[in-house]
Each structure stands twice: as C-alpha cells, then as structure tokens.
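Notes follow the structure.
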C-alpha cells in the first residue's frame, strides 16, 4: 500500500458518560481461537485486510478511544499521533450544543496513515478532517444531526452486546446499515483509496469536496505521484497564451459537479478548446482573465485538465520519455476503442523525431482525414504519449561583435524601424524563454522573430526541449 492511501478511518466521541470509539473502518472482530473449546465459524462479514491495515485493526477500541478523545485544551486544532508504524491525523472539535440535555462534548474524525507519510500528505488529510468537522458542527447547530447519528451508533453497540454470545455480527456492520454518517466515512475511505478525490453531502445538505493531488495525478499518469508544490509551481507559471486541454469528457465532467457549482465553470468546460488560448476563452465565456485562470487552475489541480500551448502548425511534438511502447498496454487498448482500424505504433513512429504539425499535413488529405489527425493528436496529448518541444534562444557573442544586437550598423538599418526594438529582446535570449513566451511578452510576430534569428544566426543559437513548467506531468 502506498503512503497516500489511508489505513483506516475512525469516529470518537467524548461526553458526560465518558469517551468511546463509535465507528471504525475497516473493522475486524476479535476472536479467540478455541479459548473455550469451541471453534467459531468463519465470519461472513470479515474484510480482506492488508498487513498495513491489520496494524490498525489490532489496536483495541478502548485504546483508540483513549488516544483520540482529547481534552478540551487540544480541541479545534490539528491532532497528530504516531503509534509504531501508524500515524493518526484528525481535527477534534468541542461541541457547543444548544440543548442542555446533550451528553456529547466533543468528537474527532481520525484517519490512519503510514508512519512514513510525508508532511505534505499529513497536512492534506488534516485539511480534510477539518472540513468534515466544520460540516458536522454546522449541521449539529442547525438540526442536531450529529447527536442523532452518535446516538444511533451507540444504540447499535448496545444491540450487539445484547445479542447471543455465538453471534458473529459486528457492531460496525450494524452501524453501516443504520447510520448515514458512517456510510459517508466509509465512502470517503474507499474513494481516497480508489481515486484520491472525495465528494460528500453531509446530511444531504452540506457539500464536502476534497482532492489528494498526489493520488489523482498519479492515477491519471500511472506513474510516480506528484507533489502538491510541483503542481502549484506549474499553476503559478500559467500564462494567457496557454490553453486548457480537458482530460475527461466535458459532459461527464459537468454531470459530476455539485448542484451548486459555479455556472462560470460549466461554461468554461463546454467552451474549452485545445486551439483557443485562455485569453480567447475569456472572451468566449464572457469571463475575466483572472476568473479563467482560477477555474483552469482548479481543473488542473483536480486532474480534470492539463495545460498546453494552443494547437497550431508551428507546434513541434515528440514522443514522451515514458510513452507506452508495449502493444499490450492499456493505452493501446483505449486507442483501439477510440480509433478502430488505426495503428497507434504507426502514429507514434511519426513522432520518433521532433515533428511539426505542418510536416504531418498532406495537402492531398481529405477534410475528414485531417479532422481525424487532429483528434488523434489531441488524444495522444491527453494520454501524455506526446510532449511539445519549445525553441529556446541563447545569445553567444562572437569575439568581434560588429553585428551584435543593438550595435550601430544594425540600428542604422533602414528596415530596423519596422522591427521591434531588438535591443530590448536581449534579456529574453538567455535560454529561459521559449519563442511563444517571447512573442507574448514582447508583442512580436513569429515571422519577425524568425527573421531576427536568421539574420543573427552567428550569435543566436536555438535549442529545443520541453517546457520545464509542464515537464512534471511527464516525469
């Protein structure tokens, strides 16, 4: 099991009648083998547990309740505790019930993680438990929802104790049948395991959404997990000339959004096109550029989209370093379903060397063939089979800089007035800015920039490599 997935989830309460562990998942029934000479039958509700999960199920309920039921001084703040190879993370909350008869004083939703989980992952789980705690506290103040759920769980424990001694039914199995809150916690655990994203609706009233970027991006890439700070760095480099490439079907993405989601987000989802920049999308959706940036960053963070440069004939692409070459890989199967009768290896071979779209376009191709070529290219970018190469410029002056940029002979050129102030471009020729960025920052046309590179080819050297900002998605 990886360090991102949880080992378990727990709910503890404390009140006038003491503290108690009300719910845990996964759960296991403590059984003694032939202690009384009676061999118990196998439990029909037993869960298949991994060794990591067994480390948490071996801790008794009483021990966990003692650990998680914190004093009032430790409430409303981060809770973190390490026991052997397990790290527990939560956010205990002290209840301020309006009813004087309430016996519940505090509650704590706790997740168990591997002890070697990074500090970043621990903080993400704390944020999630904090969100859940806020939602539960709000519903308790509004309609005493939490008190009702806790009483239901307590009653399930009492009913299990009253059952015959040979009963194999777990109180937690009974709680899952009776309590919506328990099912929400179970769902959160399962979704964090499977997808890394959680969408809950506490008491069918408050939406709680959470995303583990380490997990959702790794599942999308089927490679090593990404660190959240790397994704944030990528989003900080977002520029108006970039565009949004959706990684999922727009209709499915819109249907998965909560009912109260932003209408602006829905408009952007259905308007997004790999051939239109963020500036153009802002105009198409009647949104400010800042709003488009925020919505685009949200979609990238949740691994629903990625950032690319708009498709055009000058774009240069090459096979990604980790492109799947095995014909039995799932990527090849998905390609065969999407484009029947077309060979993915044949298309991949076209990009074994850096290739521009203009080199692929055949004037003799029919309109439908060109459309399919564009669809295949977009699909290969979505699957990270291809990566774009950008051209970076280095200024390397010669020993006799008579033709150097900004020198008198060049400035005296009668055609120089028709060009941008070339001397102002010198800071951009340090290998840190690709042509597309220079064109945007300095308001230069590609034709003028290429003419400049040709005129001063003795001192201006170009190299091609991927944009370091988006290279994290290919690592």
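Residue numbers (the numbering used here): 38 to 512.
All residues carry an ideal CB built from backbone N, CA and C; glycine is no exception.
Contact annotation: the segment 262–278 does not touch the segment 290–308, with fewer than three C-beta pairs closer than 8 angstroms. Cβ-Cβ separation between residue 225 and residue 237: approximately 6 angstroms, consistent with a contact (criterion under 8 angstroms). Leaving aside the five residues that flank residue 176 on each side, the residues in its chain whose CB is nearer than 7 angstroms to its CB run, in chain order, 182, 183, 239, 240, 242 and 243. One Cα belongs to residue 192, the other to residue 48, and the distance between them is close to 15 angstroms. Secondary structure at residue 278: coil, using DSSP grouped into helix, strand and coil. Following the DSSP letters along the chain, one finds residue 244 inside the beta strand (DSSP E) bounded by residues 243–248.
Per the coordinates, the alpha-carbon of residue 344 lies some 36 angstroms from the alpha-carbon of residue 173. The Cβ-Cβ distance between residue 433 and residue 388 does not fall below 7 angstroms.
Between the alpha carbons of residue 253 and residue 499 lies a gap of roughly 36 angstroms. Within the segment 265–344, complete beta strand (DSSP E) segments of at least 3 residues are found at 280–283, given in chain order.
Per the DSSP secondary-structure output, residue 239 pairs in a beta bridge with 243. Around the beta carbon of residue 106, a 10 Å sphere encloses 16 or more other beta carbons of the protein chains shown; the residue is thus reported as buried. Counting along the chain, the unbroken alpha helix (DSSP H) around residue 180 starts and ends at 156–180. Here the C-alpha atom of residue 230 lies approximately 29 angstroms from the C-alpha atom of residue 415. Within its own chain, the residues whose Cβ lies closer than 8 angstroms to the Cβ of residue 301, once the five positions on either side in sequence are excluded, are 322, 324, 328 and 332, listed in chain order.
Residue range 423–432 is occupied by the beta strand (DSSP E) that includes residue 425, with no alpha helix (DSSP H) assigned at that position. Scanning its chain for C-beta atoms nearer than 7 angstroms, with the 5 sequence neighbours on each side dropped, one finds around residue 130 the residues 112, 113, 143, 144, 170 and 174, in chain order. Residue 143 sits in a strand when the DSSP states are folded into three classes.
Distance between residue 127 and residue 119, taken at the CA atoms: about 12 angstroms. Counting along the chain, the unbroken alpha helix (DSSP H) around residue 369 starts and ends at 367–375. Per the Cβ contact rule, the segment 467–475 is in contact with the segment 421–432 (3 or more Cβ pairs under 8 angstroms).
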